[in-house]
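Protein chains in written order, with this note's numbering: chain A, 593 to 894; chain B, 3 to 296. In what follows, a single structure is set out as structure tokens and then discussed.
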């Protein structure tokens, strides 16, 4: 956003003097500026109002929630709903489980994906195009296709009561996108760079680690963010492989939160949803441009 | 030179681990799963050969037909909704907000990163009728209308589902399509305007054809994602009422884990995979043909 600020002010002052860029004016409908303003306001309300409502509801007591209109403000701001959700509702435990599953898979994914991207895009060997295609095929196949055999294997290997099934499945099922995105980034680096390094006496593995990895550092961060959101927000894999409440990830825990408290504790339920939502929003607050670029970049090619 | 960049041992070291993990977690289980679809049983009870019985059951099972129909209906409606609203937003960003659109773009995009489960639970509460009217029903009552029990019939539950998914991802498709629209050269629009095109005609004849490729990739991506929908439906309706909003993904999950029938579950997963491949292929063919035409 910061890079756009000077341009934004420029556009504003331009408009103030009635000097809009002529070409863009080509597409003026018979809408007034006011109509557009109203549209934008409505749009932002639709996006943000549910968030505000959710937050306010998370501070209500049960009787406040049940007796008063859904649009009313909380009578007392009951912050203790958050501590109830965290401890009695086990949200703390679920977040720990999620972190223990997500970060090892992310590390593995980025290591494997960066190395594979280099081997597929920079190195020259027969069959690299077909190998890339084999990886790409994985983008289309639904996860449902691999769940049952993996369940059998994990069960027979005695991994059912650990987080390993999640780590392994997340790593494997997200490799296609990671490899694909990494090799797209490597495409932008000229191969001559590595030929020069070879002339200077660097081995290929050395070139990979000391030259290419620093060059795609930004890309690794972008891919890491994209995969983080995919894995953190996953429900299907987590629901399949964790049958024990102590291993539940945040998404599974949240889904079962309703059942656990029956229909009585609304405040803590909304507090739990808020913790989950505002956690990801916090990351988005700081890295939104990178996240938007990464998610859309992973999409066009997908 | 090429001896170094073509060093087979280095390729093996760099690519080997990824290929190994990918094969073990994805490729082998895929083939294995096809094998399962010819059996009956599950991990605990063991498997017995079942021939083509699962597939003939799939052919005549009304629940499977309903799930397939729902999956297709959901995918088409949500895809059209997401891409259409996204396109309108992108037009708004490019032609009305211009450079001031960065903030709006960022704000409208954010629901995309939210956990689907949280969004599903939130929308369930927004549209609920009991034990307390949710904000939507409260609004209906306040303006003098009757509240609606959204989740009691599959058609109204479907509407909430569509609203939720469009709400969640319109900002994403807007940014995706925006990238295609800003690439349209200014002089092209200007010359079209000088030739007398304006407003909708300009969109129809200049903007739409020029943004066709990015529109197509949005469609492919959207349909690919929506055919595999699972999280948002589980969180919002859990397939209900009855099995009125159950897509193939959820039916597969229930068949395998609630009824312990891995064989039939695998057959459903296989059907889903075939549907995904077919639909992507069809869109790809159609978009190719149109591109050469226009």
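Note that CB positions come from ideal geometry on N, CA and C, so glycine has one too. What you are looking at is a predicted structure, and each value in this text was computed from that prediction instead of being measured.
- Just measuring C-alpha positions, the residue of A:834, A:799, A:710, A:775 sitting nearest residue 750 of chain A is A:834.
- Exclusion of the five residues before and after residue 731 of chain A leaves 768, 769, 772, 894 as the residues of its chain whose Cβ lies within less than 8 angstroms of its Cβ.
- Contact of residue 807 of chain A with chain B by beta-carbon distance below 9 angstroms is absent, the smallest such distance being about 16 angstroms.
- Interface residue (Cβ-Cβ distance to chain A less than 8 angstroms): residue 254 of chain B is classified as such.
- Under the Cβ distance rule, residue 185 of chain B does not count among the residues neighbouring chain A, no pair being separated by less than 8 angstroms.
- Burial check for residue 64 of chain B: the Cβ neighbour count within 10 Å stays below 16, so the residue is exposed.
- B:22 is the residue among B:13, B:22, B:11 whose C-alpha sits nearest the C-alpha of residue 760 of chain A.
- Interface flag for residue 753 of chain A against chain B is unset, since no Cβ pair is found closer than 8 angstroms.
- Each residue's CA atom was taken as its position, placing residue 628 of chain A and residue 708 of chain A some 48 angstroms apart.
- Excluding the 5 residues flanking it on each side, residue 267 of chain B has same chain C-beta neighbours closer than 7 angstroms at 254, 257, 258, in chain order.
- Distance between residue 88 of chain B and residue 179 of chain B, taken at the CA atoms: about 7 angstroms.
- The Cβ atoms of residue 149 of chain B and residue 164 of chain B do not sit closer than 8 angstroms to each other.
- Restricting attention to alpha helix (DSSP H) runs no shorter than 4 residues, the region 4-72 of chain B encloses them at 4-7, 10-24, 30-38, 55-62, ordered along the chain.
- For residue 835 of chain A, the secondary structure class from DSSP, reduced to helix, strand or coil, is coil.
- Secondary structure of residue 830 of chain A (DSSP, three-state): helix.
- Annotation: residue 655 of chain A to residue 860 of chain A spans about 13 angstroms, alpha carbon to alpha carbon.
- Interface flag for residue 694 of chain A against chain B is unset, since no Cβ pair is found closer than 8 angstroms.
- If you look at residue 783 of chain A, you'll find it isn't in any alpha helix (DSSP H); DSSP assigns it neither H nor E.
- Put simply, of A:817, A:858, A:808, A:706 the residue whose alpha carbon is nearest the alpha carbon of residue 780 of chain A is A:808.
- For residue 848 of chain A, no Cβ of chain B is located within less than 8 angstroms of the residue's own Cβ.
- Along the region 645-669 of chain A, going in chain order, the ones with a CB nearer than 9 angstroms to a CB of chain B are 645, 646, 649, 657, 658, 659, 660, 661, 662, 663.
- The C-beta of residue 797 of chain A comes closer than 8 angstroms to at least one C-beta of chain B.
- Residues 753 of the same chain have their beta carbon placed closer than 7 angstroms to that of residue 836 of chain A, with the five preceding and five following residues left out of the count.
- With a minimum length of 4 residues, the unbroken runs of alpha helix (DSSP H) contained wholly in the region 122-163 of chain B fall at 137-144.
- For residue 176 of chain B, the closest alpha carbon among the candidates B:225, B:281, B:109 is that of B:109.
- The beta-carbon distance between residue 868 of chain A and residue 847 of chain A, rounded to whole angstroms, is 11 angstroms. This is too long to meet the 8 angstroms contact definition.
- Taking the CA atoms as reference points, residue 73 of chain B sits about 53 angstroms from residue 788 of chain A.
- The criterion of a C-beta distance shorter than 8 angstroms is not satisfied by residue 29 of chain B and residue 273 of chain B.
- By alpha-carbon distance to residue 705 of chain A, the top candidate from A:765, A:674, A:650 is A:765.
- Between residue 39 of chain B and residue 265 of chain B the beta-carbon gap is near 6 angstroms, inside 8 angstroms, which marks them as a contact.
- Residue environment analysis places residue 736 of chain A among the buried positions, since at least 16 neighbouring C-beta atoms fall within 10 angstroms of its C-beta.
- Measuring C-alpha to C-alpha distances from residue 219 of chain B to each of B:286, B:26, B:102, B:103 identifies B:286 as the nearest.
- Cβ contact annotation for residue 828 of chain A (same chain, cutoff 7 angstroms, sequence separation greater than five): 735, in chain order.
- Interface annotation, residue 780 of chain A: not in contact with chain B, CB-CB separation never under 8 angstroms.
- Residue contact with chain A for residue 218 of chain B: absent (no Cβ-Cβ distance below 8 angstroms to any residue of chain A).
- Secondary structure within the region 709-757 of chain A: the alpha helix (DSSP H) runs of 4 or more consecutive residues, fully enclosed, are 720-732, 736-748 (chain order).
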